[in-house]
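Under the numbering used here, residues 31 to 364 are what the sequence shown spells out, in order. Report on one structure; see the data block that follows.
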Amino acid sequence: MFKSFTFWKQRAFKKILSQQNQRLTIYTKDNPDSDSLASSLALKRIAEHYNMDAHIYFTGLIQNKTLINVLGDDVMNTPAIAQSQNIIAFVDLLPTELTGEKFTPTVVIGHTLGKTEGIRSEYRDIRTTETTSSIMIEYLKKLGVAIDKRLATLLLYAIRVKTRTLVTNFTLEDVEAYWFIHKYMDTELLNSLEHPSVKLETFEDLAHAIGNKEIKGTSLFTTVGFVKEAGTIPKVCKYMLDIEGVSTALVFAVDATKIHIYAETENMELNMKNLLKKAFGDWSEVTGGPFNASTSIPLGVFGIVADDEKSKQVLLKSICDSVSARYFYVLEVE
């Protein structure tokens with residue numbers, strides 16, 4: 031079935047997880063998506079299989095609230111990645127993606143098409159699969175780890191999201207992983223992940239987005255304005271793509287400290303992660319993939335949110351002008 035997790039890799043991996051009196055700290059990428067979280071949970075379950083206590087940490091926001099509820103206490107938010115006496119593992123996160131302090135984790139597992147030179151770790155498994163979940167499914171299978179319905183469904187859901195249910199950007203490993211894991215999944219749970227309930231706030235933000243929209247060709251730009259939390263913008267963005275003639279959309283929201291940007295496309299010729307990197311990479315880290323990507327820009331780039339409505343609207347217009355100019359410029363040259 032799989033060829034990458036060789037006998038010697040298994041031996042090295044099991045040696046790390048079999049250490050006595052050690053704990054595993056798992057970090058995944060900023061604003062993690064379903065693939066980051068599912069693959070991190072898989073590593074946590076593998077560590078527990080070897081009687082090692084493990085904890086998953088993420089920075090930023092999880093956009094899918096149903097996903098948060100399903101994961102429960104298995105994941106915890108942290109303001110920043112920190113050094114630790116524990117064994118540190120990066121899952122769906124490469125040390126080279128971090129700015130500032132340099133980290134040398136013990137374990138690095140992820141996927142990339144970019145360069146991997148300069149990544150230092152005792153154990154690493156970085157492949158060209160479309161998902162990290164596909165890699166972790168191989169680990170579960172070859173190590174004989176019990177797979178419960180919740181874990182299986184999360185892994186399957188991650189592959190479905192990243193590959194559009196094996197329609198685009200998939201590899202043979204993704205297909206084989208999907209085929210192996212699907213028999214363990216919970217259909218009802220999968221349906222709730224793929225069709226989460228819509229909150230009233232989403233419709234309110236949608237109304238603002240429709241009123242603020244700007245369309246050039248097949249590309250749309252809009253904002254929902256100031257919010258307490260930005261979890262609605264991926265869903266709002268999907269609604270924007272339902273507008274006739276629109277195939278690419280960017281939506282942003284502003285909270286007390288950050289500008290949250292989410293973009294999605296149905297255009298097979300665009301890569302949203304690369305597009306946002308070109309537009310906003312000098313301001314903040316970009317996460318995502320070819321079809322959708324996100325970034326959170328420190329509000330200090332533009333100023334501090336004032337209490338009076340007039341100042342807030344001036345600040346919002348300044349952000350709109352700058353973000354839209356960068357977005358449409360990069361789209362024009364792509």
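Every residue gets a Cβ at the ideal spot worked out from N, C-alpha and C, and that includes glycine.
With a 10 Å radius around its C-beta and 16 neighbouring C-beta atoms as the bar for buried, classify P320 as buried or exposed. Residue mapping note: residue 320 aligns to position 290 of the sequence shown, counting from 1. P320 is buried by the Cβ-count criterion.
How would you label Q93, buried or exposed, when you count the other beta carbons within 10 angstroms and need 16 or more for buried? Position 63 of the sequence shown, counting from 1, holds the residue named residue 93. Under this definition Q93 is a buried residue.
Assess contact between the stretch 186-203 and the stretch 48-58, defined as three or more Cβ pairs (one per stretch) separated by less than 8 Å. Is contact present? no
Contact set for A42: own chain, Cβ-Cβ below 7 Å, skip 5 residues either direction: By 1-based counting over the sequence shown, the position of residue 42 is 12. Cβ neighbours of A42 within its own chain (closer than 7 Å, five residues either side excluded): Y153.
Among S348, E339, R356, whose alpha-carbon lies nearest the alpha-carbon of G311? As a first step, residue 311 must be located in the sequence shown, where it is residue number 281. The residue with the shortest Cα to Cα distance from G311 is R356.
Is F37 buried or exposed, if buried means 16 or more other CB atoms sit within 10 Å of its CB? Start at 1 with the first residue of the sequence shown, and residue 37 comes out as number 7. So F37 ends up on the exposed side.
Close beta carbons around Y292, own chain, < 6 Å, minus the five adjacent residues each side: Residue numbering aside, residue 292 sits at position 262 when the sequence shown is read from its first letter. Around Y292: I263, P264, C267, V281, S324.
Classify A210: buried if its beta carbon has 16 or more other beta carbons within 10 angstroms, exposed otherwise. Taking the sequence shown and counting its residues from 1, the one referred to as residue 210 is at position 180. Just to set this straight, residue 210 is Phe in the shown sequence, not Ala. So F210 ends up on the buried side.
Taking C-alpha atoms, which residue in T195, K132, S164 lies nearest to I149? Indexing the sequence shown from 1 puts residue 149 at position 119. Measuring from the Cα of I149, the nearest candidate turns out to be K132.
6 Å Cβ shell around T252 - same chain, five flanking residues per side excluded: Taking the sequence shown and counting its residues from 1, the one referred to as residue 252 is at position 222. So the qualifying residues of the chain are A239, N242, K243, V281.
DSSP-derived helix/strand/coil call for Y80: The residue given as residue 80 occupies position 50 in the sequence shown. Three-state DSSP puts Y80 in coil, outside helix and strand.
Would you mind working out which of D122, K74, L47, M82 sits nearest P62, comparing C-alpha positions? Residue mapping note: residue 62 aligns to position 32 of the sequence shown, counting from 1. Nearest option by C-alpha distance: D122.
Classify V363 as buried or exposed, calling it buried when 16 or more other Cβ atoms lie within 10 Å of its own Cβ. Counting from one through the sequence shown, the residue named residue 363 turns up at place 333. Exposed is the call here.
Please report the distance separating the alpha-carbon of S222 from that of L101. Translated into positions along the sequence shown, residue 222 becomes position 192. Translated into positions along the sequence shown, residue 101 becomes position 71. C-alpha separation (whole angstroms): 13 Å.
Contact between the stretch 167-174 and the stretch 64-75: three or more CB pairs below 8 Å? yes
With a 10 Å radius around its C-beta and 16 neighbouring C-beta atoms as the bar for buried, classify H290 as buried or exposed. Indexing the sequence shown from 1 puts residue 290 at position 260. So H290 ends up on the buried side.
Taking 8 Å as the cut-off, decide whether the C-beta atoms of A283 and A260 are in contact. As a first step, residue 283 must be located in the sequence shown, where it is residue number 253. As a first step, residue 260 must be located in the sequence shown, where it is residue number 230. In contact: A283 and A260 (Cβ atoms closer than 8 Å).
Taking N322 as the reference, give the member of E296, I118, I46 with the closest Cα. For the purposes of this step, residue 322 is taken as residue 292 along the sequence shown, with counting starting at 1. Of the candidates E296, I118, I46, the one whose C-alpha sits nearest the C-alpha of N322 is E296.
Could you check if N99 is buried or exposed, using at least 16 other CB atoms within 10 Å of its CB as the buried criterion? As a first step, residue 99 is located in the sequence shown; it is residue number 69 there, counting from the start. That one is exposed.
Which same chain residues end up closer than 6 Å to F200 when comparing Cβ atoms and leaving out the 5 residues on each side of it in sequence? The residue you call residue 200 lines up with position 170 of the sequence shown. Once the five neighbours on either side are set aside, the close Cβ partners of F200 are E160, T193.
Rounding to the nearest angstrom, what Cα-Cα distance links D235 and T287 in this structure? For the purposes of this step, residue 235 is taken as the residue at position 205 of the sequence shown. For the purposes of this step, residue 287 is taken as the residue at position 257 of the sequence shown. Taking the straight line joining both Cα atoms gives about 19 Å.
So L300 and V316 are supposed to be a Cβ contact under 8 Å. How far apart are they, rounded? Stepping through the sequence shown from its first residue, residue 300 is reached at position 270. Stepping through the sequence shown from its first residue, residue 316 is reached at position 286. Their Cβ separation, rounded to whole angstroms, is 14 Å, which puts L300 and V316 out of contact at 8 Å.
Look up N322 in the DSSP assignment and give the residues it is bridged to. Taking the sequence shown and counting its residues from 1, one reaches residue 322 at position 292. By DSSP's assignment, N322 forms a beta bridge with E294.
Using CA coordinates, which residue listed in V257, N81, L47, S277 is at the minimum distance from T248? Looking up residue 248 in the sequence shown gives position 218. Checking every option, the nearest Cα to that of T248 belongs to S277.
Cα separation between M31 and N116? Within the sequence shown, the letter at position 1 stands for residue 31. Within the sequence shown, the letter at position 86 stands for residue 116. Here M31 scores only 38 on pLDDT, less than 50, and its place in the model is too uncertain to base an answer on.
Quick check on the DSSP output: the beta strand (DSSP E) that includes A119 runs from which residue to which? Along the sequence shown, one-based indexing puts residue 119 at 89. A119 -> beta strand (DSSP E) spans 117-121.
What does the Cβ neighbour count give for L250, buried or exposed, with the cut at 16 atoms within 10 Å? Within the sequence shown, residue 250 is the residue found at index 220, counting from 1. So L250 ends up on the buried side.
Tell me where the beta strand (DSSP E) around H141 begins and ends. By one-based count along the sequence shown, residue 141 stands at place 111. Run containing H141: 137-141, per the beta strand (DSSP E) assignment.
Through-space distance from S66 to D338, alpha-carbon basis: Taking the first residue of the sequence shown as 1, we reach residue 338 at position 308. Taking the first residue of the sequence shown as 1, we reach residue 66 at position 36. So the two alpha carbons sit approximately 39 Å from each other.
Can you have a look at F233 and say buried or exposed, based on whether 16 or more other CB atoms are within 10 angstroms of its CB? For this step, residue 233 is matched to residue 203 along the sequence shown. Its Cβ having fewer than 16 others within 10 Å, F233 is exposed.
Helix, strand or coil for S354 per DSSP? Here residue 354 refers to the residue found at position 324 of the sequence shown. Residue state, collapsed to three classes: helix.
Can you name, in chain order, every residue of its own chain whose Cβ lies under 7 Å from the Cβ of S151, other than the five neighbours on each side? As a working mapping, residue 151 is identified with position 121 in the sequence shown. Counting only Cβ-Cβ distances below 7 Å, and skipping sequence neighbours, we find T134, P135, T136, V137, V138.
Could you tell me which whole alpha helix (DSSP H) segments of length 4 or greater appear in the stretch 228-285? 230-242, 263-270
For M215 versus K258, is the C-beta spacing smaller than 8 Å? Residue 215 sits at position 185 when you count from the first residue of the sequence shown. Residue 258 sits at position 228 when you count from the first residue of the sequence shown. It is not a contact, given that the beta carbons lie outside the stated cut-off.
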